[in-house]
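Chemist: Below are the structure tokens for one structure; questions will follow.
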Amino acid sequence: MNDHLVRSLDVDADRLLPVQPEVRTVARELYAATKDLPIISPHSHVPPQWLVADEPFTDPTSLLLSPDHYVLRMLHAGGAELGDLGRGPDGPVQLDEAGARRAWRILCENYHLFRGTPVKYWFDTTFAEVFGITQAPSAATADAIYDEIASALTRPEFRPRALFDRFGISVLATTDDPLDDLAPHRALAADPTFTGRVLPTFRPDRFLELARPDWSDLVGQLARVSDVDTGDYAGYLAAIEERRRYFKEHGAVSSDHSHADAGTQPLEHADAERIYAAALRGEVTREEADAFRRHMMSETARMATQDGLVMTLHPAVRRNHDPDNLARFGADAGSDIPMGVEFTHALQPLLGRYGNHPDLTLVVFTIDETVYSRELAPMAGFYRSMHVGVPWWFIDAPEAIRRFRGAVTETAGFYRTSGFIDDTRAFLSIPTRHDMSRRLDAGYLAELVATHRLSLDEALETAHDLVTTIPTKVFKL
Amino acid sequence: MNDHLVRSLDVDADRLLPVQPEVRTVARELYAATKDLPIISPHSHVPPQWLVADEPFTDPTSLLLSPDHYVLRMLHAGGAELGDLGRGPDGPVQLDEAGARRAWRILCENYHLFRGTPVKYWFDTTFAEVFGITQAPSAATADAIYDEIASALTRPEFRPRALFDRFGISVLATTDDPLDDLAPHRALAADPTFTGRVLPTFRPDRFLELARPDWSDLVGQLARVSDVDTGDYAGYLAAIEERRRYFKEHGAVSSDHSHADAGTQPLEHADAERIYAAALRGEVTREEADAFRRHMMSETARMATQDGLVMTLHPAVRRNHDPDNLARFGADAGSDIPMGVEFTHALQPLLGRYGNHPDLTLVVFTIDETVYSRELAPMAGFYRSMHVGVPWWFIDAPEAIRRFRGAVTETAGFYRTSGFIDDTRAFLSIPTRHDMSRRLDAGYLAELVATHRLSLDEALETAHDLVTTIPTKVFKL
Amino acid sequence: MNDHLVRSLDVDADRLLPVQPEVRTVARELYAATKDLPIISPHSHVPPQWLVADEPFTDPTSLLLSPDHYVLRMLHAGGAELGDLGRGPDGPVQLDEAGARRAWRILCENYHLFRGTPVKYWFDTTFAEVFGITQAPSAATADAIYDEIASALTRPEFRPRALFDRFGISVLATTDDPLDDLAPHRALAADPTFTGRVLPTFRPDRFLELARPDWSDLVGQLARVSDVDTGDYAGYLAAIEERRRYFKEHGAVSSDHSHADAGTQPLEHADAERIYAAALRGEVTREEADAFRRHMMSETARMATQDGLVMTLHPAVRRNHDPDNLARFGADAGSDIPMGVEFTHALQPLLGRYGNHPDLTLVVFTIDETVYSRELAPMAGFYRSMHVGVPWWFIDAPEAIRRFRGAVTETAGFYRTSGFIDDTRAFLSIPTRHDMSRRLDAGYLAELVATHRLSLDEALETAHDLVTTIPTKVFKL
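Residue numbers (the UniProt record's numbering), protein chains in the order written: chain A, 1 to 477; chain B, 1 to 477; chain C, 1 to 477.
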């Protein structure tokens with residue numbers, strides 16, 4: 001590697017489009033038809049406080065590096081200490097000017113580690129298109145780029161709301177804890193000077209994991225915020241339903257769920273009551289806790305048929321694989337590792353009950369690509385309630401997205417998929433992520449046109465639907 | 001979507017061929033060498049009665065829509081009621097003219113759901129090449145297309161036998177129950193005016209599932225048709241062997257097997273006897289029934305070494321995933337969902353005994369694509385009896401077929417694969433399915449030529465072998 | 001097939017490079033920059049005695065056919081008897097001239113079986129580039145090719161050392177048993193006339209499988225060669241450490257491990273002692289033996305943090321799937337079949353302890369491609385000690401290598417992968433295997449350039465690093 005060279009950033013107008021000239025011509029036309037459409041982001045992790053406060057971002061490191069576990073993990077693998085990158089014991093910490101600059105230099109000196117990864121692609125395009133930077137990151141350019149971004153961030157057009165508008169975001173859904181009072185969402189909705197739509201998402205994972213050491217404390221807090229006694233199972237259900245109502249009242253359109261597996265087997269009511277009571281006494285077993293959580297997936301679907309919140313599943317990641325990293329830096333610090341997942345049997349109890357219910361929408365995401373053609377596409381091609389989520393996290397990347405379309409489309413078409421979600425903490429990467437998806441879908445559709453599987457006007461409609469009608473319908477926006 | 005437009009059908013001569021000009025030129029030459037060769041269809045689901053009676057097909061819906069679960073499932077996901085599509089409680093039902101026309105309209109109005117799927121490809125090409133239709137299905141063209149097809153179906157050249165000849169089918173194997181008397185096959189063989197070869201296939205699945213509620217009734221019927229007492233295990237084996245003999249006498253070349261897994265572990269004879277007796281008393285457990293069925297896979301291989309029937313496996317689909325759909329519409333109504341499958345351990349007992357036997361041919365199909373490079377190709381590249389089946393059902397589609405060749409060829413070459421099977425109930429789609437396979441194999445071979453992994457004349461021979469000598473040898477035709 | 005034709009060998013300068021002209025141009029430039037760089041082969045199976053003795057190879061069959069299980073398996077599947085190919089009960093045997101010629105004819109007559117496989121590619125290029133042969137193998141050319149190779153082998157420039165130099169091999173690691181005295185390695189190191197670097201690799205698999213019938217005999221022999229009493233668990237560890245020291249003294253840089261799964265769960269010391277003692281008494285259970293072997297993987301990592309030997313894992317192959325083949329021809333005779341493997345949970349105990357240790361390097365290989373994007377790339381993109389091994393054995397082939405880069409790069413980049421290893425017994429195929437890898441990496445990088453994910457100079461650096469700095473660093477050369 002040779003990261004001391006001064007290279008130009010290559011942010012070509014045709015980037016990611018197919019290379020073959022006949023296919024590229026079609027892809028350009030398809031991409032042109034969608035590139036300027038508003039961004040619908042129905043699943044994201046941007047802190048809504050940023051938009052409420054609308055204060056200038058402090059510096060490049062705290063904006064672009066420290067909070068992004070996609071970046072941290074690779075720099076860690078390359079030898080960097082997370083602490084030197086602005087990662088504290090339980091999330092990002094603000095480094096002083098010297099520290100922030102040093103962290104930025106570590107990123108730039110190790111930029112070759114990201115070759116071939118979407119992180120490089122997102123950085124390159126963000127640097128070029130958001131900040132007008134022309135040189136590629138390297139040891140030689142680290143300080144200059146830092147200065148250029150830092151300077152930009154002091155200008156009004158780089159404040160959060162200005163960027164929100166500039167990015168053309170029409171809807172942004174955040175991810176929120178059931179205990180959250182959603183004050184930022186309320187503030188934004190009430191603010192006549194902010195015209196964007198920022199919605200909360202109900203993410204109750206930790207309340208459904210009865211074996212967590214802090215679980216009984218959590219359901220105690222749940223009782224307080226919902227004003228419903230969670231001393232028994234019925235109260236617990238009622239408290240959750242109350243918080244869903246509260247979230248919906250604040251604009252939520254979906255609930256999000258991420259557990260170790262995709263199980264949905266319901267329990268007998270008496271068993272659920274019994275396990276719940278045991279958990280409150282601190283006597284629940286691992287097996288009971290898992291069974292209860294799977295039961296609650298079925299209950300969540302039942303609630304969804306009543307309140308209409310879309311249900312999204314993001315299962316099968318082993319969190320905090322490295323115990324030392326967890327101890328030093330807390331969760332979401334780069335050592336979450338995906339694992340195999342099974343859906344055909346796991347979802348059957350839920351789908352067999354609610355899979356064709358007119359008020360349920362279930363969107364299933366995976367990092368285990370083997371299930372796309374084998375399980376998810378066949379189910380979404382039959383059950384009315386089910387849609388296949390686009391690639392997520394590690395596989396939100398050009399080739400993986402191409403594999404996704406290749407694996408899902410032949411069995412489920414385009415209209416049983418979810419539309420793009422960015423799932424990102426990196427606010428500034430939202431436009432390039434959505435743009436990447438549009439380019440890749442244009443390329444895939446162009447291939448279908450070039451091999452006469454789709455006419456050009458069908459492809460144009462489909463490209464348009466993928467970023468407009470499909471996410472709007474799937475997420476009930 | 002915008003399915004009210006009037007579009008032309010795009011059935012280009014180069015469809016599905018590689019786009020790159022140098023590769024396309026080679027692919028065209030390879031495809032030209034195979035496109036007009038006779039169709040060998042060694043595994044299909046066409047009702048042989050159609051060819052015996054040779055009566056005109058009634059209408060487009062009952063011919064092309066109601067019997068085809070590939071189509072039903074996607075329309076169901078899109079919101080259609082199966083009953084409105086001509087699906088009855090236990091198979092297709094004949095709709096009246098108004099109903100048939102309404103069902104057809106549902107298909108055409110929802111045609112966008114099939115974009116990117118082979119169903120659209122098969123329909124487009126069948127409409128254009130069999131019926132000479134020029135407009136794409138949509139709300140605007142539904143009635144016109146219905147009328148055009150309905151009118152064609154009244155003409156002699158659209159009767160079953162005329163189509164059979166026009167399609168160039170040299171061999172067509174149907175799929176048949178052991179109880180079947182095979183009268184249609186006998187009639188066709190005896191009919192000097194019919195020169196095609198229509199063979200039965202022995203499909204004993206339900207007789208091997210001892211936990212089925214109707215199993216003891218089934219073996220009772222088996223006793224009657226075979227004239228062998230099935231009151232004990234020895235009689236059961238003898239009755240099965242007798243029916244295999246009967247099928248073989250009527251032209252059968254293979255038996256077909258589809259169970260939940262691929263297990264082949266034999267039982268001790270005494271255990272098999274004991275479990276069989278328990279099942280007759282209605283006292284078999286799930287575990288015993290599974291063990292017996294796996295044992296019978298080994299027994300089937302043993303029988304195959306004696307009578308020479310090719311053994312085809314199509315495992316690992318969870319049938320009738322949606323219980324409500326099963327209750328209302330019976331089996332094969334669109335809610336079968338594939339699942340993961342394991343072959344390396346599962347097939348070892350069978351292959352360790354019979355895997356190199358000169359009279360056994362075992363063809364293994366999968367919808368779980370992960371096993372192609374990991375398990376099936378390595379086994380077929382060693383065991384003389386084993387061949388890798390081409391993609392089946394959900395993955396009988398352009399990209400999946402390309403993935404299959406990409407995953408299998410490097411480990412097992414071309415000559416350890418099965419040749420194409422269409423596995424279809426949709427009689428009219430047989431030519432386009434085989435043509436699709438020939439186009440895709442031409443494209444794959446052309447890529448090998450273009451990257452100098454194969455010479456053009458090797459590719460030409462291989463393309464020819466894939467549709468002639470290979471299926472002829474594998475299926476002992 | 002038609003293997004009696006006389007065809008020319010097609011060994012084009014652009015073989016395996018992308019076909020699209022703009023991409024090919026870039027790929028040519030990238031390939032040109034690496035094609036003549038020295039070969040680093042850190043994991044191979046070449047017998048070091050060949051280089052010590054430097055005697056002429058006897059004949060084409062014993063050099064190119066009999067020892068190569070990649071070739072034997074496919075010819076076996078095609079109907080050949082392994083005995084006729086020069087395979088004896090426990091490895092290759094020398095056939096007489098008539099037998100060797102007959103074996104060679106079997107290969108050439110069945111050459112069509114290898115179409116689309118890398119075996120054909122390696123043979124074609126070896127024939128053309130090493131021996132200057134111009135005609136493709138077939139029944140018509142079998143004898144002529146045999147004669148041409150046999151004649152070449154009598155010339156000095158085809159002796160092992162001359163080929164070693166001609167191939168440009170700078171480092172060659174062999175695979176060796178802990179009992180081996182490494183005399184050939186010592187002889188080569190001491191020989192001033194031999195300037196190559198030939199290193200042993202510590203491969204202790206059978207000493208870690210306590211349920212093997214010959215295990216207690218093996219640890220007895222281990223005691224003798226190490227001069228450490230292996231009568232208890234502590235002695236066993238010490239003896240292994242002593243042999244590692246001996247191997248390292250003889251130049252070893254790595255240990256290699258191939259077991260049924262990737263488990264690394266450590267045992268309590270007392271349990272390890274107890275199981276070891278039980279095994280010595282012949283009373284170990286299958287479960288205990290597996291647990292002990294997994295424990296030893298963790299112990300191996302611990303040793304590696306002390307002596308620095310790189311640890312390579314090649315798990316999850318069911319050895320000797322065909323018992324009859326094992327009985328007649330011993331191990332490595334073509335019937336090893338891969339199986340599914342799980343790494344996320346299996347490696348966690350090891351990585352959680354040592355995954356970021358500065359002195360551990362762990363390289364993980366797989367034939368189960370599903371784990372690349374799901375498990376291996378995510379782990380290698382976080383843990384400093386871990387690298388993803390390139391495709392191995394059945395999947396060391398053009399399309400599989402392309403899939404590997406496609407699956408791994410987006411999550412782990414290039415710098416967390418291992419560099420190419422050839423893993424071959426076929427000495428003469430070493431240059432074409434490394435050349436194949438360089439061509440394919442050039443093609444992959446060219447695609448990234450053509451779609452503007454990488455600049456040309458980044459691609460040039462990366463191509464160079466993949467065959468120089470990366471293997472040098474990963475294998476501590």
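Ideal Cβ placement from N, Cα and C applies to all residues, glycine included. These figures come from a predicted structure and were not determined experimentally.
Valine 408 of chain C touches chain B at which residues, Cβ-Cβ below 9 Å?
Modeler: Numbered from its first residue, the third sequence carries residue 408 of chain C at position 408. Within chain B, no residue comes near valine 408 of chain C; the closest Cβ sits about 16 Å away, beyond 9 Å.
Chemist: Of all the alpha helix (DSSP H) runs that stay within the bounds of the segment 330–418 of chain C, which reach a length of 4 or more residues?
Modeler: As far as the segment 330–418 of chain C is concerned, its whole alpha helix (DSSP H) runs of at least 4 residues are 348–354, 377–380 and 398–412.
Chemist: Please report the straight-line C-alpha distance between arginine 159 of chain B and glutamate 55 of chain B, rounded to a whole angstrom.
Modeler: Residue 159 of chain B sits at position 159 when you count from the first residue of the second sequence. Residue 55 of chain B sits at position 55 when you count from the first residue of the second sequence. About 6 Å.
Chemist: To the nearest angstrom, how far is the alpha carbon of proline 323 of chain C from that of valine 71 of chain C?
Modeler: As a working mapping, residue 323 of chain C is identified with position 323 in the third sequence. As a working mapping, residue 71 of chain C is identified with position 71 in the third sequence. Those two C-alpha atoms are separated by around 19 Å.
Chemist: Helix, strand or coil: which one does DSSP assign to aspartate 147 of chain A?
Modeler: Your numbering for residue 147 of chain A matches position 147 in the first sequence. In this structure, aspartate 147 of chain A counts as helix in the three-state DSSP scheme.
Chemist: Could you tell me which residues DSSP pairs with glutamine 265 of chain B in its beta bridges?
Modeler: Stepping through the second sequence from its first residue, residue 265 of chain B is reached at position 265. None, per the DSSP bridge assignment.
Chemist: Name the two residues that bound the continuous alpha helix (DSSP H) containing threonine 193 of chain A.
Modeler: To locate residue 193 of chain A, count along the first sequence from 1; it is residue 193. Run containing threonine 193 of chain A: none; DSSP gives neither H nor E here.
Chemist: What residues in the segment 361–394 of chain C have a beta carbon less than 7 Å from any beta carbon of chain B?
Modeler: Those residues of the segment 361–394 of chain C that come within reach of chain B (Cβ to Cβ, closer than 7 Å) are Ile367, Asp368, Glu369, Thr370 and Phe394.
Chemist: Who are the neighbours of arginine 115 of chain C on chain B, taking C-beta pairs under 7 Å?
Modeler: As a first step, residue 115 of chain C must be located in the third sequence, where it is residue number 115. Going along chain B in sequence order, the residues near arginine 115 of chain C (Cβ under 7 Å) are Gly413, Phe414, Leu454, Glu458 and Thr462.
Chemist: Starting from isoleucine 240 of chain C, follow the alpha helix (DSSP H) in both directions and report where the run begins and ends.
Modeler: By one-based count along the third sequence, residue 240 of chain C stands at place 240. Here the alpha helix (DSSP H) through isoleucine 240 of chain C covers 233–249.
Chemist: Below 8 Å on the Cβ atoms is my contact criterion, and I expect leucine 313 of chain A with alanine 270 of chain A to pass it. Report the Cβ-Cβ distance as a whole number of Å.
Modeler: In the first sequence, residue 313 of chain A corresponds to position 313, counting from 1. In the first sequence, residue 270 of chain A corresponds to position 270, counting from 1. Not a contact, Cβ separation roughly 27 Å.
Chemist: For tyrosine 36 of chain C, which residues from the same chain have a beta carbon less than 8 Å from its beta carbon, with the 5 sequence-adjacent residues on both sides left out?
Modeler: Sequence index remark: in the third sequence, residue 36 of chain C carries index 36 (1-based). The amino acid occupying residue 36 of chain C in the given sequence is aspartate; tyrosine does not appear at that position. Correct list, in chain order: Gly168.
Chemist: Counting only runs of 3+ residues fully inside the segment 7–87 of chain A, write out the beta strand (DSSP E) ranges in chain order.
Modeler: Complete beta strand (DSSP E) runs here, min 3: 39–41.
Chemist: Cα separation between alanine 277 of chain A and leucine 163 of chain A?
Modeler: The residue labelled residue 277 of chain A in the question sits at position 277 within the first sequence. The residue labelled residue 163 of chain A in the question sits at position 163 within the first sequence. Each residue's Cα considered, the two are about 49 Å apart.
Chemist: Does the segment 404–420 of chain C come into contact with the segment 116–127 of chain A, if we say contact requires no fewer than three beta-carbon pairs (one atom in each stretch) closer than 8 Å?
Modeler: In short, these stretches touch, since the Cβ pair count reaches three.
Chemist: Taking a Cβ distance cut-off of 9 Å, strictly less, list which residues of the segment 17–44 of chain A are near chain C, in chain order.
Modeler: Cβ contacts with chain C come from Leu17, Pro18, Val19, Gln20 and Pro21.
Chemist: When the Cα of arginine 416 of chain A is compared with those of A/Pro204, A/Met379 and A/Val284, which residue comes out closest?
Modeler: By one-based count along the first sequence, residue 416 of chain A stands at place 416. Nearest option by C-alpha distance: A/Met379.
Chemist: Helix, strand or coil, according to DSSP, for proline 92 of chain A in the structure here?
Modeler: The count along the first sequence starts at 1 and reaches residue 92 of chain A at position 92. Here proline 92 of chain A sits in strand by DSSP.
Chemist: If you draw a straight line from the alpha carbon of methionine 1 of chain C to that of arginine 244 of chain B, how long is it in whole angstroms?
Modeler: Within the third sequence, the letter at position 1 stands for residue 1 of chain C. Within the second sequence, the letter at position 244 stands for residue 244 of chain B. Unreliable positioning characterises methionine 1 of chain C in this predicted model, as indicated by a pLDDT of 47, which lies under 50. A coordinate reading is not provided.
Chemist: Verify whether the separation of the beta carbon atoms of leucine 30 of chain B and leucine 445 of chain B is less than 9 Å.
Modeler: If you number the second sequence from 1, residue 30 of chain B lands on position 30. If you number the second sequence from 1, residue 445 of chain B lands on position 445. Against a cut-off of 9 Å, the Cβ pair of leucine 445 of chain B and leucine 30 of chain B comes out as a contact.
Chemist: I'd like the list of long-range same chain contacts for glycine 78 of chain A, defined as Cβ closer than 6 Å, with 5 residues on each side in sequence excluded.
Modeler: Counting from one through the first sequence, the residue named residue 78 of chain A turns up at place 78. Asn110 and Leu113.
Chemist: Is glutamate 241 of chain A near aspartate 307 of chain A, with beta carbons less than 9 Å apart?
Modeler: By one-based count along the first sequence, residue 241 of chain A stands at place 241. By one-based count along the first sequence, residue 307 of chain A stands at place 307. Yes, the Cβ-Cβ distance between glutamate 241 of chain A and aspartate 307 of chain A is below 9 Å.
Chemist: Compute the Euclidean distance between the alpha carbons of proline 192 of chain B and alanine 252 of chain B, then round it to the nearest angstrom.
Modeler: Here residue 192 of chain B is taken as the residue at index 192 of the second sequence, counted from 1. Here residue 252 of chain B is taken as the residue at index 252 of the second sequence, counted from 1. If I take the Cα positions, the gap works out to 20 Å.
Chemist: For a cutoff of 9 Å on Cβ pairs, would you count threonine 305 of chain C as touching chain A?
Modeler: Counting from 1 along the third sequence, the entry for residue 305 of chain C is found at position 305. For threonine 305 of chain C, the answer is no, since every Cβ of chain A falls outside 9 Å of its Cβ.
Chemist: Are the segment 445–459 of chain A and the segment 11–30 of chain A in contact at 8 Å, needing three or more beta carbon pairs?
Modeler: Touching, per the Cβ criterion.
Chemist: Over the uninterrupted beta strand (DSSP E) stretch that includes histidine 257 of chain C, give me the two end residues.
Modeler: As a first step, residue 257 of chain C must be located in the third sequence, where it is residue number 257. Looking at the DSSP string, the run of the beta strand (DSSP E) that includes histidine 257 of chain C is 254–257.
Chemist: Would you verify that the beta carbon of threonine 472 of chain A is, or is not, closer than 9 Å to some beta carbon of chain B?
Modeler: The count along the first sequence starts at 1 and reaches residue 472 of chain A at position 472. For threonine 472 of chain A, the answer is no, since every Cβ of chain B falls outside 9 Å of its Cβ.
Chemist: Using a cut-off of 7 Å between C-beta atoms, extract the partners of alanine 260 of chain A located in chain B.
Modeler: Along the first sequence, read from residue 1 onward, the residue named residue 260 of chain A stands at position 260. Chain B residues near alanine 260 of chain A: none, gap ~17 Å exceeds 7 Å.
Chemist: Report yes or no: is there a C-beta of chain C within less than 9 Å of the C-beta of isoleucine 337 of chain A?
Modeler: Numbered from 1 along the first sequence, position 337 holds the residue referred to as residue 337 of chain A. Interface residue, yes.
Chemist: Enumerate in chain order the residues of its own chain whose CB-to-CB distance from proline 67 of chain A is below 6 Å, with the five nearest sequence positions on each side excluded.
Modeler: Taking the first residue of the first sequence as position 1, residue 67 of chain A is located at position 67. So the list reads Pro92 and Arg425, once near-sequence residues are dropped.
Chemist: Rounded to the nearest angstrom, what separates proline 315 of chain A and arginine 353 of chain A at their Cα positions?
Modeler: Locating residue 315 of chain A in the first sequence gives position 315, counting from the first residue. Locating residue 353 of chain A in the first sequence gives position 353, counting from the first residue. The straight-line gap from Cα to Cα measures roughly 20 Å.
Chemist: Taking buried to mean at least 16 other C-beta atoms within 10 Å of its own C-beta, is residue 487 of chain C buried or exposed?
Modeler: The shown model of chain C, from 1 to 477, leaves out residue 487 of chain C, and the question about it has no answer.
Chemist: Give the secondary structure of valine 284 of chain A by DSSP, where H, G and I count as helix, E and B as strand, and everything else as coil.
Modeler: Your numbering for residue 284 of chain A matches position 284 in the first sequence. Looking at valine 284 of chain A - three-state DSSP - the assignment turns out to be coil, as it is neither helix nor strand.
Chemist: Starting from the beta carbon of tyrosine 121 of chain B, find every residue of chain A whose beta carbon is closer than 8 Å, and list them in chain order.
Modeler: Stepping through the second sequence from its first residue, residue 121 of chain B is reached at position 121. The contacting residues are Arg453.
Chemist: May I ask you to list, following chain order, the residues of the segment 66–82 of chain C that have a beta carbon less than 8 Å from some beta carbon of chain B?
Modeler: Answer set for the segment 66–82 of chain C: Arg73, Met74, His76, Ala77, Gly78 and Gly79.
Chemist: With DSSP collapsed to three states, give me the class of leucine 313 of chain B.
Modeler: The residue given as residue 313 of chain B occupies position 313 in the second sequence. Leucine 313 of chain B falls in the strand class under three-state DSSP.
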